[in-house]
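Asker: At position 270 of the sequence shown the residue is numbered 269 (numbering that gives the first Met the number 0), and the sequence of numbers has no breaks. Note that CB positions come from ideal geometry on N, CA and C, so glycine has one too. I'd like to ask you about the structure that follows.
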Amino acid sequence: MRPSRFHGGLRLAGHKAESTADALRPCPPPPLLRLSLAQHAGRPARARVAVGERVRRGQLLGEADGELSAGVHAPRAGRIEAIRAGELPGFPGLPSIEVWLAVEGDESITLPPLEGLASEPTALRERIRAAGVVGLGGAGFPTAEKLAIGRELLILNGAECEPWIACDDALLREHADEVVLGGRLLARAVGAGRILLAVEDSMTAALDACRRAVAAHGGGAVELAVVPTIYPEGGERQLIQALTGREVPRGGLPRDLGVVVQNVATARAAWRAVVHGEALTERIVTVTGPGVVRPGNYVVPLGTTVAHLVAQAGGYTPDAARLLLGGPMMGLALPHDDVPLGKTHNCVLVQSAADVDAEAREPEMPCIRCGDCAPVCPARLLPQQLLWQVRAGRLDRAVDQGLFDCIECGCCDLACPSHIPLTAYFRHGKGEQRVREAEAERADAARIRHESRQQRLEREAAERAARDAARRDAATSSDAVAAALERARARRGDSGAAP
0 MRPSRFHGGL
10 RLAGHKAEST
20 ADALRPCPPP
30 PLLRLSLAQH
40 AGRPARARVA
50 VGERVRRGQL
60 LGEADGELSA
70 GVHAPRAGRI
80 EAIRAGELPG
90 FPGLPSIEVW
100 LAVEGDESIT
110 LPPLEGLASE
120 PTALRERIRA
130 AGVVGLGGAG
140 FPTAEKLAIG
150 RELLILNGAE
160 CEPWIACDDA
170 LLREHADEVV
180 LGGRLLARAV
190 GAGRILLAVE
200 DSMTAALDAC
210 RRAVAAHGGG
220 AVELAVVPTI
230 YPEGGERQLI
240 QALTGREVPR
250 GGLPRDLGVV
260 VQNVATARAA
270 WRAVVHGEAL
280 TERIVTVTGP
290 GVVRPGNYVV
300 PLGTTVAHLV
310 AQAGGYTPDA
320 ARLLLGGPMM
330 GLALPHDDVP
340 LGKTHNCVLV
350 QSAADVDAEA
360 REPEMPCIRC
370 GDCAPVCPAR
380 LLPQQLLWQV
390 RAGRLDRAVD
400 QGLFDCIECG
410 CCDLACPSHI
420 PLTAYFRHGK
430 GEQRVREAEA
440 ERADAARIRH
450 ESRQQRLERE
460 AAERAARDAA
470 RRDAATSSDA
480 VAAALERARA
490 RRGDSGAAP
């Protein structure tokens with residue numbers, strides 16, 4: 000098919016070759032795996048194990064807490080060393096519960112294999128939920144919930160457009176067949192009659208593998224869609240626009256267009272869960288950048304720390320200066336490498352001192368109102384106007400102008416000749432607005448409680464007044480009866496007296 004063009008975006012140097020020169024490498028587990036119970040969007044899982052308990056590989060450690068949640072399973076056999084408070088991986092200061100697993104032995108457990116494409120959609124969704132499968136493209140939304148509403152089109156997202164990240168490229172080179180088969184399972188689970196496998200035109204080796212896989216396993220239902228390598232092509236809304244020519248409306252969702260998008264790694268995880276009974280306990284992570292000795296793509300047990308993974312990649316070079324979890328555009332800077340990796344972490348990027356110095360040499364200058372930021376915005380926003388509103392604290396106006404439609408891709412940052420960190424301002428504005436909304440909700444809740452209390456006190460006072468009035472009426476009535484009786488006795492006494 001011939002893709003359309005989404006609005007904005009940039010052509011950036013890919014830097015994929017640095018990590019894709021070799022095949023996938025296994026990362027041996029560290030002696031201790033630290034598994035957060037919040038590796039997904041939604042509510043954290045609830046611990047199902049106790050300290051000192053022996054567990055097998057694939058065993059459930061934390062069960063999903065409701066529908067918008069996901070289970071966490073043991074990547075290796077071992078003993079539960081601790082269940083303790085930690086930080087949400089990649090978000091210092093945000094609390095999370097971690098299960099610490101000391102790796103011992105090689106016992107494993109799997110779920111009973113299902114019949115693949117012959118399985119009922121409900122059974123497929125239940126298996127995907129039981130295996131703890133979530134979106135592996137970064138959002139971490141529980142996959143079974145995304146499949147609960149029927150759609151006509153399934154898009155398998157292999158458009159890995161952010162520079163340096165190559166985990167999906169490496170996956171497609173070696174496991175395109177399982178991606179295609181997994182896509183057909185996902186389509187059956189959601190009721191989609193059409194499947195598009197989207198791959199960037201720069202991923203030539205992956206494209207060759209996908210063509211072979213589609214021919215061998217596509218069953219006539221899977222179509223390969225080659226898309227241009229333009230950042231951020233891999234964004235869900237941008238990819239939908241590129242492949243269908245339609246835009247997801249502001250405030251809407253892809254399901255409004257009858258579309259569901261799943262990452263290619265998620266499709267493979269679904270296939271492994273259904274056909275092999277495997278829970279999601281590991282993922283491919285790109286380790287790359289000028290600050291690491293041996294860049295590559297590694298199959299990493301969940302709960303492995305960044306420090307251990309970088310050590311498997313030969314360690315840091317003398318030039319290593321900054322550590323990012325994710326890519327250079329949307330990644331998060333880490334203060335240290337003692338951070339456990341989870342289901343949504345796809346890249347560890349080690350930048351050099353030259354990278355950091357280049358940014359330091361570009362101080363922020365005043366906005367010159369050139370408007371260069373608007374044409375590159377994939378969300379069709381006006382970043383210049385948003386900046387004015389956020390800086391002035393007029394967050395309500397910023398929201399009206401699309402603040403929460405910003406996908407924080409960073410295109411406007413690169414386009415700005417004044418080197419204004421626009422994305423950072425917008426991210427800050429979103430946080431401030433969420434705080435304001437939370438405070439408003441708390442104030443509304445307090446007001447409602449106060450009004451309810453006032454109404455209760457007034458009701459109780461009215462009830463007391465009614466009871467007092469009733470008692471007074473009763474007392475008055477009793478006095479009146481007594482007086483009548485007394486008068487009656489008096490009349491009888493008068494009539495019965497001696498002459």
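To the nearest angstrom, how far is it from the Cα of glutamate 199 to the Cα of alanine 158?
Answerer: 5 angstroms
Asker: Looking at C-alpha atoms only, which residue of Val178, Gly85, Leu23 and Met202 is the closest neighbour of glutamine 38?
Answerer: Gly85
Asker: Straight-line CA distance for alanine 499 to arginine 236?
Answerer: Since the first residue of the chain shown is 0 and the last is 498, residue 499 is not available in this structure.
Asker: Out of Arg293, Leu252, Thr142 and Thr121, point me to the one whose CA is closest to alanine 130's CA.
Answerer: Thr142
Asker: Can you check which of these residues, Val389, Val286, Ala306 and Val349, is closest to valine 298 by C-alpha distance?
Answerer: From the listed residues Val389, Val286, Ala306 and Val349, the smallest Cα separation to valine 298 is found for Val286.
Asker: Tell me where the beta strand (DSSP E) around leucine 322 begins and ends.
Answerer: 319–324
Asker: To which residues of the same chain is histidine 174 closer than 7 angstroms at the C-beta, ignoring the five residues directly before and after it?
Answerer: Arg267
Asker: Name the two residues that bound the continuous alpha helix (DSSP H) containing valine 299.
Answerer: It is not in any alpha helix (DSSP H) - valine 299 instead sits in the beta strand (DSSP E) that spans 295–300.
Asker: Assuming leucine 348 is part of the beta strand (DSSP E), what are its boundary residues?
Answerer: Its beta strand (DSSP E) spans residues 346–351.
Asker: Using the Cβ count rule (16 or more neighbours within 10 Å means buried), how would you classify leucine 67?
Answerer: exposed
Asker: I'd like to know whether the C-beta atoms of serine 118 and glycine 57 end up nearer to each other than 8 angstroms.
Answerer: no
Asker: Give a yes or no on contact between the stretch 396–412 and the stretch 240–248, applying the rule of three or more CB pairs nearer than 8 angstroms.
Answerer: no
Asker: Going by CA-CA distance only, name the one from Leu348, Ala269 and Arg47 that's closest to proline 327.
Answerer: Leu348
Asker: Mark alanine 63 as exposed unless 16 or more other C-beta atoms lie within 10 angstroms of its C-beta, in which case mark it buried.
Answerer: buried
Asker: Please report how far the alpha carbon of isoleucine 164 lies from the alpha carbon of alanine 444, in whole angstroms.
Answerer: 45 angstroms
Asker: Tell me, to the nearest whole angstrom, how far the beta carbon of serine 35 is from that of leucine 87; I am working on the premise that it is less than 8 angstroms.
Answerer: 7 angstroms
Asker: So, at 6 angstroms on beta carbons, what are the nonlocal neighbours of leucine 180 in its own chain, with the 5 sequence-adjacent residues on each side left out?
Answerer: His216 and Trp270
Asker: Throw me the rounded Cβ distance for the arginine 435 and leucine 394 pair, which I believe falls under 8 angstroms.
Answerer: That belief holds up - the Cβ atoms of arginine 435 and leucine 394 are roughly 7 angstroms apart, short of 8 angstroms.
Asker: Apart from the five residues just before and just after arginine 491, which ones in its own chain have a Cβ nearer than 7 angstroms to its Cβ?
Answerer: Excluding positions up to five away in sequence, the list is empty.
Asker: Where does threonine 343 fall in DSSP's three states?
Answerer: coil
Asker: Can you give, in chain order, each stretch of the alpha helix (DSSP H) that sits fully within the stretch 122–162 and has at least 4 residues?
Answerer: Counting whole runs of 4 or more residues, the stretch 122–162 contains the alpha helix (DSSP H) stretches 142–145.
Asker: At which residues does the beta strand (DSSP E) containing isoleucine 419 begin and terminate?
Answerer: Per DSSP, isoleucine 419 belongs to no beta strand (DSSP E) and is neither H nor E.
Asker: Taking DSSP's pairing of strands, which residues face tryptophan 99 in a bridge?
Answerer: Arg33 and Ala81
Asker: What would DSSP say about glutamine 261, mapped onto helix, strand or coil?
Answerer: strand
Asker: According to DSSP, is histidine 6 part of a helix, a strand, or is it coil?
Answerer: coil
Asker: Measure the alpha-carbon distance for glycine 495 versus alanine 461 and round it to whole angstroms.
Answerer: Confidence at glycine 495 is low in this model, with a pLDDT of 48, below 50, so its placement is unreliable and the value that follows should be read with caution. So the alpha carbons of these two residues sit roughly 51 angstroms apart.
Asker: Leaving out five residues on either side along the sequence, give the residues of the same chain with a beta carbon under 6 angstroms from the beta carbon of aspartate 255.
Answerer: none
Asker: So for glutamate 457, helix, strand or coil by DSSP?
Answerer: helix
Asker: Are the CB atoms of arginine 193 and glutamate 151 within a distance shorter than 8 angstroms?
Answerer: With respect to arginine 193, glutamate 151 sits close: the two C-beta atoms are nearer than 8 angstroms.
Asker: In whole angstroms, give me the CA-to-CA distance for cysteine 405 and glycine 233.
Answerer: Cα to Cα, the separation comes out at about 15 angstroms.
Asker: Look up isoleucine 447 in the DSSP assignment and say whether it is helix, strand or coil.
Answerer: helix
Asker: Just verifying my parser: in three-state terms, what is the DSSP assignment at serine 18?
Answerer: In the structure shown, the three-state DSSP call for serine 18 is helix.
Asker: Determine the extent of the alpha helix (DSSP H) in which alanine 186 is found, giving its start and end residues.
Answerer: 166–189
Asker: Are the beta-carbon atoms of glycine 276 and threonine 109 separated by less than 8 angstroms?
Answerer: yes
Asker: From proline 420 to alanine 414, what does the alpha carbon distance come to, in whole angstroms?
Answerer: The C-alpha of alanine 414 is placed about 10 angstroms away from the C-alpha of proline 420.
Asker: Are the stretch 330–343 and the stretch 299–319 touching, with three or more C-beta to C-beta distances below 8 angstroms?
Answerer: yes
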